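> Residue numbers (the working numbering): 157 to 851.
First the structure, then my questions, so here it is.
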């Protein structure tokens with residue numbers, strides 16, 4: 157209940173606008189503090205900050221104090237118009253009416269009536285400025301607010317760095333998408349070496365298979381992604397250490413240690429909060445940067461996680477230093493109950509909690525719990541940061557982040573409403589896959605190779621991303637969902653009790669998202685799918701063959717599966733390939749089948765009961781499959797990735813693109829094979845990846 161009242165009171169609190177203080181602003185603050193101290197208690201100021209209503213009224217409404225401020229500001233500036241205007245604007249922003257005419261009238265009165273400060277406590281005339289004492293205050297404020305201004309500029313430098321990264325990605329990816337033949341222009345020794353050693357390989361052996369270091373589990377980014385992140389880390393470190401100056405004699409603090417803590421805490425806090433809008437933007441499903449850069453969602457999530465970790469680290473250090481600073485300055489008990497300070501530490505705790513529950517091991521083991529905690533803690537973090545920063549002039553950073561989050565959520569609701577909430581037919585196939593067939597609106601089109609978030613009625617509060625494609629007739633949307641834990645496991649258990657393992661249920665779809673691969677300019681396109689990775693691969697290959705493929709472009713599709721039963725949930729799609737130019741090869745690792753597998757092959761259950769050795773079983777199976785799918789080539793055993801790359805590169809005329817989605821090990825093998833082949837041929841060899849890490 158206290159927390160609720162806290163947020164209500166803070167929502168109604170006055171929001172201090174952002175100011176880039178500069179020398180004039182520092183001079184105004186130093187004059188204010190000098191006049192407050194010289195007034196001997198006429199104006200009272202908190203030891204921790206001077207932005208409070210009583211102080212504002214005293215500075216702007218007390219006649220003698222106002223005249224003292226005018227004398228201080230005008231007397232210390234050759235260009236007195238700027239500091240005068242700054243003080244007038246400050247009083248107006250605090251609800252006190254004044255103007256420049258009134259200000260200079262006050263200055264004229266100061267020149268006539270000013271007297272030296274006395275210790276009696278009474279103020280009967282403007283305070284005559286002691287220039288030596290004022291210089292000490294000026295040095296303290298100039299260094300403090302110069303550091304604040306510089307910290308904000310450095311925060312913008314970090315954002316500009318990421319802007320440059322996104323701009324470079326946009327230029328390259330849109331150029332190759334709009335002008336596919338440009339890839340052939342960059343196939344010389346230097347560009348080949350760049351792709352071989354830098355842009356394509358993973359930082360270590362595998363990019364998609366997670367690594368373990370003790371209790372930590374993580375993905376290894378590509379070398380290009382690693383380089384981008386390392387430069388960001390180094391730039392952050394340099395900016396943290398650059399341009400921090402401390403005054404020789406600081407009247408604002410009781411020791412040099414407190415002074416240093418204050419300045420360093422400001423640097424960490426401002427840099428950390430400058431990254432918050434970017435962190436929120438990268439996590440959004442409707443992130444406009446996805447369209448600008450043509451990167452997939454998984455890439456943005458990679459950068460989102462690492463930037464968020466840096467952001468939280470900076471904020472944690474800021475909070476620790478600020479706490480020690482308040483303690484050493486003997487004002488911790490005074491400000492401990494302040495709403496803005498409580499929210500600052502509350503937001504810090506939420507940030508730590510978000511990072512702690514965002515590790516890969518926890519995300520994979522408890523994805524639904526992770527998602528709920530991430531959402532709730534993220535909202536609390538943004539709200540707390542807004543309240544904390546509203547007293548410091550930086551709340552616009554939280555406002556931008558909150559706006560981005562709300563816009564993304566609003567667009568997601570619009571997408572859901574646009575698709576509607578139809579009744580889908582859900583069937584469990586071969587006890588390994590859910591085939592979800594959904595009638596789709598006429599205006600809704602799936603993106604070949606794209607994905608959408610699927611909501612099942614019984615678990616409507618959960619959603620998971622799956623690759624989807626339109627049925628051959630174009631009237632339905634099809635999802636093929638591998639059965640795992642969570643919502644797919646729950647639906648599978650309910651289907652196991654239904655006749656035919658099929659039933660109807662209400663669903664919702666949010667999408668579509670994603671982009672097709674830019675392969676229009678390649679003479680050959682080779683798709684390699686493994687297991688449940690076939691939907692996106694099929695959708696892109698089929699869509700390319702029907703609409704987007706040049707007449708002379710060769711399309712090859714490889715699908716690697718463990719057993720024959722995987723074919724039973726993809727019969728309609730395999731039949732549709734007969735009317736296209738796609739050359740299809742299916743590799744079956746285990747060439748045996750059971751009674752449940754043979755219905756679509758047109759043979760009796762006695763076939764599964766016959767005792768045949770592997771060789772005889774392979775021959776029988778080959779005959780049955782060739783009769784059922786005469787347009788498909790069937791091979792038995794694991795797909796030989798190196799051989800596929802070698803043969804397909806030799807068969808292409810000028811260039812070949814390999815597109816993969818499947819088991820992470822197979823996808824990594826294909827990447828390594830492509831990287832190995834690049835220097836061995838004069839043809840252009842490209843590699844694209846549909847597989848993304850959603851957890």
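Each residue gets a CB set at the ideal place from its N, CA and C atoms; glycine is no exception.
This one's a predicted model, so the numbers in the text were calculated from it and none came from an experiment.
So the candidates are 327, 178 and 434; which of them puts its Cα closest to the Cα of residue 560?
It is 434.
> Kindly indicate which three-state DSSP category residue 215 falls into: helix, strand or coil?
Helix at residue 215.
> DSSP on residue 818, reduced to helix/strand/coil?
In this structure, residue 818 counts as coil in the three-state DSSP scheme.
> Here's the rule: buried if 16 or more other CB atoms are within 10 angstroms of the residue's CB, otherwise exposed. What is residue 806?
Looking at its Cβ environment, which holds fewer than 16 other Cβ atoms inside 10 Å, residue 806 is exposed.
> Straight-line CA distance for residue 411 to residue 186?
Rounded to whole angstroms, residue 411 to residue 186 spans 18 Å at the Cα level.
> Once you ignore the five residues that flank residue 725 on each side, which residues in its own chain have a CB closer than 7 Å to its CB?
Excluding residues within five positions, the ones whose Cβ falls inside 7 Å are 585, 586, 589, 591 and 636.
> May I ask you to report which of helix, strand or coil DSSP gives residue 836?
Helix at residue 836.
> Can you look up residue 419 in the DSSP assignment and give me helix, strand or coil?
Residue 419 falls in the helix class under three-state DSSP.
> Would you decide whether residue 506 is buried or exposed? Buried here means 16 or more other CB atoms lie within 10 Å of its CB.
Under this definition residue 506 is a buried residue.
> What are the complete alpha helix (DSSP H) segments, minimum 4 residues, inside the segment 466-522?
Correct list: 488-491, 495-513 and 516-521.
> Measure the alpha-carbon distance for residue 338 versus residue 297 and round it to whole angstroms.
Straight-line Cα distance between these residues: approximately 56 Å.
> Which stretch, first to last residue, makes up the beta strand (DSSP E) that contains residue 447?
Taken as a continuous stretch (DSSP letters only), residue 447 belongs to no beta strand (DSSP E), being part of the alpha helix (DSSP H) at 444-449.
> Could you tell me the alpha carbon to alpha carbon distance between residue 535 and residue 542, rounded to whole angstroms?
Their backbone Cα atoms lie some 11 Å apart in a straight line.
> Taking its Cβ as the centre, do 16 or more other Cβ atoms sit within 10 Å of residue 227, making it buried, or is it exposed?
It is buried - the Cβ of residue 227 has at least 16 other Cβ atoms within 10 Å.
> Taking only three categories from DSSP, how would you classify residue 693?
Reduced to three states, the DSSP call for residue 693 is helix.
> Whose CA, out of 841, 820 and 575, lies closest to the CA of residue 803?
Looking at the Cα atoms, 841 is the closest of the given residues.
> For the 8 Å Cβ check, are there 3 or more pairs between the segment 558-576 and the segment 428-442?
Yes: at least three Cβ pairs fall under 8 Å.
> If you measure between the beta carbons of residue 823 and residue 356, is that distance less than 7 Å?
In this structure, residue 356 does not lie closer than 7 Å to residue 823 by Cβ.
> Just to check my reading of the structure: residue 322 and residue 515 have Cβ atoms closer than 8 Å, yes? What is that Cβ distance to the nearest angstrom?
That pair is no contact at about 27 Å.
> Give every residue of the same chain whose Cβ lies closer than 8 Å to the Cβ of residue 691, excluding the five residues on either side of it in the sequence, and list them in chain order.
Within the same chain, residue 691 has close Cβ partners 622, 623, 624, 625, 634, 635 and 636.
> From residue 613 to residue 745, what distance separates their C-alpha atoms?
Their backbone Cα atoms lie some 36 Å apart in a straight line.
> Where does residue 845 land, buried or exposed, given buried means 16+ other C-beta within 10 angstroms?
Under this definition residue 845 is a buried residue.
> Do you know whose CA, among 788, 425, 299 and 247, lies nearest residue 183's CA?
Minimum Cα distance to residue 183 is reached at 299.
> For residue 787 versus residue 734, is the C-beta distance shorter than 7 Å?
Their beta carbons are under 7 Å apart, which means residue 787 touches residue 734 by this criterion.
> Give me the residue from 313, 847, 848 and 834 with the minimum Cα distance to residue 344.
For the residues 313, 847, 848 and 834, the minimum Cα distance to residue 344 belongs to 834.
> For residue 320 and residue 630, what's the separation of their Cα atoms in angstroms?
Roughly 41 Å separates the two Cα atoms.
> Thinking C-alpha only, which one of 406, 528, 376 and 521 is nearest residue 458?
The shortest C-alpha separation from residue 458 is found at 376.
> Check whether the Cβ atoms of residue 711 and residue 693 lie closer than 7 Å to each other.
Not a contact, by the Cβ cut-off of 7 Å.
> Taking the beta carbon of residue 239 as the centre, do at least 16 other beta carbons fall within 10 Å, making it buried, or is it exposed?
It counts as buried.
> How would you call residue 316, buried or exposed, if buried means at least 16 neighbouring beta carbons within 10 angstroms?
Residue 316 is exposed by the Cβ-count criterion.
> Does the pairing of the segment 280-288 with the segment 250-257 give three or more beta-carbon distances under 8 Å?
In short, these stretches do not touch, since the Cβ pair count stays below three.
> Quick check: what's the CA-CA separation for residue 838 versus residue 653?
About 58 Å.
> Please report the residue range of the alpha helix (DSSP H) in which residue 433 lies.
Element bounds for residue 433: 432-439.
> Please list the terminal residues of the continuous beta strand (DSSP E) segment that includes residue 593.
That run of the beta strand (DSSP E) goes 589-595.
> Could you spell out the range, first to last residue, of the beta strand (DSSP E) harbouring residue 659?
Note, residue 659: beta strand (DSSP E), 658-669.
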